[in-house]
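J.:
Protein chains in written order, with this note's numbering: chain A, 13 to 637; chain B, 384 to 923.
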């Protein structure tokens, strides 16, 4: 055997070294890039907020660690995707775990795209391989739930990569391979299989120039959903072709589930479009610019990255994040965070509702309520037609003792939002408190089959076994102590009647008392306020909270009637305040509009001001001298 | 030049795989030959029956029922179960988890061999002594419990059970469907799910004479309206009006249905969160040959509310629940929700001349002090099964709802029938009952296992009208009901499976081609575009 010549060996060695360094360069780029992606998702997006849902996300799946659940999913068209998506979606519960999942998804997307583009001779695959990650960051940054459809696409692309990676054989073999792969891909991914078909067809047509084979692949791809989908899975023709696609009715027919879905479409068409255009559009790499190649690469790489970052950041829905965060904080009883977050969303009634709850739990409801702009309907989220009301209001209902109302809300949530662990947990608690142990066991049983709430459920079941009266369960005992036991059946319960009934059952129900007084204040029902304020003593107050006393003073000054607050220490400063308020009004000759600016300077955070300028349907009770 | 190396590595991998397979087979064989732990002759005995879940103790089962898988609730580290009868090979198995899943084939062979007889279920529970040391440390002790008897009736049950599977939602729904369950196995297949027509509502399924050649299913959908799907000998007809509770005339020529104006009431503090009442209702008949809807004044009286129709097996009488409507406006009706009590009445009908007779009271609310609902008659025409509750028209939401049996051949008392409360009732709601085609089995919905989740129960009724202890529909997973968030309601027994595919039914829903129907106008008449049921935003 001839020895290779020295120059040839040197050339081969240097190109091998170049390839080696090029590979290292790529890997380093990937690692750095995906670390940044991970950190962005973990810290900026926070997948735990998507998991939480906030009452917005109605298509978040449940996941149960049972064979039944596994079988049920796999028996459906696209079952593998559904099952895997359901499992991975549970990992969003922890922000860092969810960030790993999304980063892995982004990396796999990028790798598939890179491999497919490289296989079809597209030159800029190194740059384009990061585009899916940007799109995913945009998707997750909108705080909508598109995991099944993106996962379906990913699996379809992986199947396409498998096909492309297979060694070149004669066309009957490739066709047979494609048929087998297609059947598996279709079963696993549903309509996303069509992307796999497109990619394989383009690959055969563009790269291998096997037009006949490409045509056959296209025929198989078109016929397979019709045959398998309609006759094996018994779905209709539209469902057979659109299952798990962004086009699917499961997303399209629900406005909340299809917001900003254009980005998902972009992710879907990215690979086929890049394969076609990258191949037919000759990319000169801006070689017409007379700049050295290295500098040109760095410069345009940096510009591309900057544009991508700009797009990702501008598409980030900070408003939605704020709402989700607030709801998350409220659900996890992080009261200082609730107050801070709600203050920034003062126009949102849901934020005000959460704020009231947080103020109550930090003993500031009667003192700080009017430091934030208020709306009367926010306290109980009245007259709001959307289903999100159920999600937002059940906790407050539970805490003050309206167990039936809370159970009704949670049951609606179960239907509207799915088997969320938090819903199952609270339904179990309510039924434990009501003594419906059989029902509670079923909710706990279901919860014990979830991933992250299993231990709580199993402990509760064990405690239930050893102590069926639940005397050692503090949560249950509290609920029993405040639970309403007077039944008034009606179509819709008025809040003040419910609160009065709660206080009748347990005069020490501080939450019911504070909410009742707050309700009267917000709705300008000072006569009713005056009738019930004396109950403050039963609740355990030694002095009235600031706003309550302000409201009492407004009543006394306007109605010229006294309120019996025996045993409650008055606040002389507040009396001075109301007199000062009255003097300012007098100076402006009772013209509320004219006096507003001056009054706002001194009394903006008081009930005096709200009474005069807060939203209402009747005329305000003027504070006269 | 490299071929010898390739061959070597190929042989290595073949050898590794073969070795792994061989070891695996050895392990399996060893496990199989070793057998499972079982009590010895000297094990302790207990004169009580073990607590098992579901409770299948002393029940009567049909020969064609799936295995009664169960969980042994006694504390232990495993249990051994032996099921035997006078004939056939006994079934033995051991379970560490104490969840007993009986092998299907062996079960069916044993049950068939003992049809008309009895099986004995022997349960022994193993426990390991605590803190034991020395040679006895690893020894386990067994406790054998008193045998559980399982009687097997001579009469089989219909092969399929149809029910609606839905979550216990109040005003909204997500996933629901009508399913058919093969009773001899655990196979459950959808007849129609709401996923096939974009999450509408599907309910009120009814079959003619326990057959599936004629059946009806009601739909409510904001997208597709509220049509009734009528299947007649393989053809699906879409009738463009809402049917409520429906019943087939035994001739198969007519479907009688109610139209109900339903409202929900919510309780501030009660076990059941809500109640349902009809602000108005009436009944009408759809004639298949004429494709028209007709009614008569007795079935659509403006001063009364008629609902829950059911035909006698000979087709000569229509039984239904009837209550006076004492209000003219909605508010008054809502306030009177707990005073409404329904009588059980019937009206004669001649199919050939299409003429109706006069309404007769079968059993009055005044006589019983209860509201009498959901009449269903056995195929031999002798027995009439009803639900009775303190008030109202929706017994599934009433914990006081119980099953009562009326013997239609017994002499009248004060010109009315007398009803016997069944012993099989519980503290919870029992309702949605129906008979098998041979009249020997009844299925019904009960909330006895939990006050919210309705489960389907099966009970044997002998020729004398005695109804034996019911058992819950068996499931493949023994503890399935412990975490099952579905309710199974409106159970109906059918002889053969529904052949129409869900896709065909869904296509019929989605097509706009309906048989237009003119309905009689009353307060209960459906409004145009009537869809889902929502509570009024009505304050006190």
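Beta carbons: idealized from backbone N, C-alpha and C, even for Gly.
#1: Spatial neighbours of residue 717 of chain B within its chain, please: CB distance less than 6 Å, with the 5 preceding and 5 following residues excluded, ordered by chain position.
#2: At a CB-CB cut-off below 7 Å, which residues of chain A make contact with residue 891 of chain B?
#3: CB residue 837 of chain B to CB residue 866 of chain B, shorter than 8 Å?
#4: Mind reading off the beta-carbon distance from residue 786 of chain B to residue 805 of chain B? Whole number of angstroms is fine, and I expect it under 8 Å.
#5: Any C-beta of chain A sitting closer than 8 Å to the C-beta of residue 668 of chain B?
#6: Can you round the beta-carbon distance between residue 46 of chain A and residue 126 of chain A to whole angstroms, since I take them to be within the 8 Å contact cut?
#7: State the CB to CB distance for the pair residue 648 of chain B and residue 720 of chain B, rounded to an integer number of angstroms; the pair is presumed to be in contact (CB under 8 Å).
#8: Quick one: is residue 860 of chain B near chain A, going by C-beta distance under 8 Å?
#9: Which residues of chain B have a Cβ atom closer than 7 Å to the Cβ of residue 500 of chain A, listed in chain order?
#10: Under the three-state reduction of DSSP, which class applies to residue 379 of chain A: helix, strand or coil?
#11: Assess contact between the segment 196-208 of chain A and the segment 244-257 of chain A, defined as three or more Cβ pairs (one per stretch) separated by less than 8 Å. Is contact present?
#12: Going by DSSP, what residues sit across from residue 403 of chain A in a beta bridge?
#13: Tell me whether residue 442 of chain A sits in a helix, a strand or coil according to DSSP, three-state version.
#14: If I'm right that residue 807 of chain B touches residue 800 of chain B with Cβ under 8 Å, what's the distance once you round it to whole angstroms?
#15: Per DSSP, which one or two residues make a beta bridge with residue 663 of chain B?
#16: By alpha-carbon positions, which one of B:890, B:880, B:888, B:743 ends up nearest to residue 571 of chain B?
#17: Out of B:493, B:483, B:453, B:451, state which residue places its alpha-carbon closest to the alpha-carbon of residue 471 of chain B.
#18: What does residue 91 of chain A touch in chain B if you count any residue whose Cβ is under 8 Å from its own?
#19: Check the Cβ-Cβ distances between residue 584 of chain B and every residue of chain A, and say whether any is below 8 Å.
#20: Secondary structure at residue 492 of chain B, three-state DSSP: helix, strand or coil?
#21: In chain order, what residues of the same chain lie with their CB nearer than 6 Å to the CB of residue 53 of chain A, ignoring the 5 residues before and after it?
#22: Within its chain, find whatever has a CB closer than 7 Å to the CB of residue 334 of chain A; leave out the 5 residues flanking it on each side and keep chain order.
#23: The beta strand (DSSP E) with residue 387 of chain A in it runs from where to where?
#24: I'd like the ranges of any beta strand (DSSP E) spanning at least 3 consecutive residues and lying wholly in the segment 434-472 of chain B.
#25: With 16 other CB atoms within 10 Å as the buried threshold, where does residue 541 of chain B fall?
#26: Counting Cβ pairs, one atom from each stretch, are 3 or more of them under 8 Å apart for the segment 389-396 of chain A and the segment 359-369 of chain A?
#27: Where does residue 548 of chain B fall in DSSP's three states?
#28: With a threshold of 16 other CB atoms inside 10 Å of the CB of residue 516 of chain B, please say whether the residue is buried or exposed.
#29: What did DSSP end up calling residue 687 of chain B once you bin it into helix, strand or coil?
#30: Bridge partners for residue 586 of chain B per DSSP, in chain order?
#31: Name the chain B residues that come within less than 9 Å of residue 479 of chain A, Cβ to Cβ?
#32: Does DSSP put residue 620 of chain B in a helix, in a strand, or in coil?
#33: With distances taken between CB atoms, is the gap from residue 430 of chain A to residue 74 of chain A smaller than 8 Å?
#34: Please confirm whether residue 646 of chain A and residue 169 of chain A have their CB atoms less than 8 Å apart.
#35: For residue 596 of chain B, tell me which candidate among B:891, B:796, B:882, B:886 has the shortest Cα-Cα distance.
#36: Which residue marks the beginning of the alpha helix (DSSP H) containing residue 589 of chain A, and which one marks its end?
T.: According to the structure shown:
#1: Once the five neighbours on either side are set aside, residue 717 of chain B has no close Cβ partner at all.
#2: The CB of residue 891 of chain B never comes closer than 7 Å to any CB in chain A; the least such distance is about 11 Å.
#3: No; because the gap between Cβ atoms is not below 8 Å, this pair is not in contact.
#4: Contact flag correct, Cβ pair sits at about 5 Å.
#5: Interface with chain A (8 Å Cβ-Cβ cutoff): residue 668 of chain B is excluded.
#6: Contact between residue 46 of chain A and residue 126 of chain A is absent: CB atoms are separated by about 13 Å, not below the 8 Å threshold.
#7: Contact holds; Cβ gap of about 5 Å.
#8: By this cut-off, residue 860 of chain B is an interface position.
#9: Here the neighbours are 651.
#10: In this structure, residue 379 of chain A counts as helix in the three-state DSSP scheme.
#11: Note that the segment 196-208 of chain A touches the segment 244-257 of chain A; at least 3 beta-carbon pairs, one per stretch, sit closer than 8 Å.
#12: Answer is none; residue 403 of chain A lacks a bridge partner.
#13: The answer is helix: DSSP assigns residue 442 of chain A an H, G or I state.
#14: Not quite, the Cβ-Cβ distance comes to about 20 Å (not below 8 Å), so this is no contact.
#15: Residue pairing by DSSP puts residue 663 of chain B in a beta bridge opposite B:644.
#16: Distance from the Cα of residue 571 of chain B is smallest, within the candidate group B:890, B:880, B:888, B:743, for B:880.
#17: For the residues B:493, B:483, B:453, B:451, the minimum Cα distance to residue 471 of chain B belongs to B:493.
#18: Close to residue 91 of chain A, with beta-carbon spacing below 8 Å, lies no residue of chain B; the smallest spacing is near 14 Å.
#19: No - not a single Cβ of chain A is within 8 Å of the one on residue 584 of chain B.
#20: Here residue 492 of chain B sits in helix by DSSP.
#21: These residues qualify, in order along the chain: 111, 114.
#22: Only 353, 356, 357 meet the Cβ criterion.
#23: First-last for residue 387 of chain A: undefined, no H or E at that position.
#24: Taking only runs of at least 3 residues, the beta strand (DSSP E) segments lying wholly in the segment 434-472 of chain B are 453-455, 461-468.
#25: With 16 or more other Cβ atoms within 10 Å, it is buried.
#26: The answer is yes - the segment 359-369 of chain A touches the segment 389-396 of chain A, with three or more Cβ pairs under 8 Å.
#27: Strand.
#28: Reliability of the predicted coordinates at residue 516 of chain B is poor, the pLDDT of 45 falling under 50, and no value is obtained from them.
#29: In the three-state DSSP reduction, residue 687 of chain B falls in the strand class (E or B).
#30: Answer is B:601, bridged to residue 586 of chain B.
#31: In chain order: nothing, as chain B lies at least about 16 Å away.
#32: Residue state for residue 620 of chain B is assigned as strand, using DSSP reduced to three classes.
#33: It is a contact, given that the beta carbons lie within the stated cut-off.
#34: Outside the modelled stretch of chain A, which goes from 13 to 637, sits residue 646 of chain A, for which no answer is possible.
#35: Comparing Cα positions, the closest option is B:882.
#36: Residue 589 of chain A -> alpha helix (DSSP H) spans 584-599.
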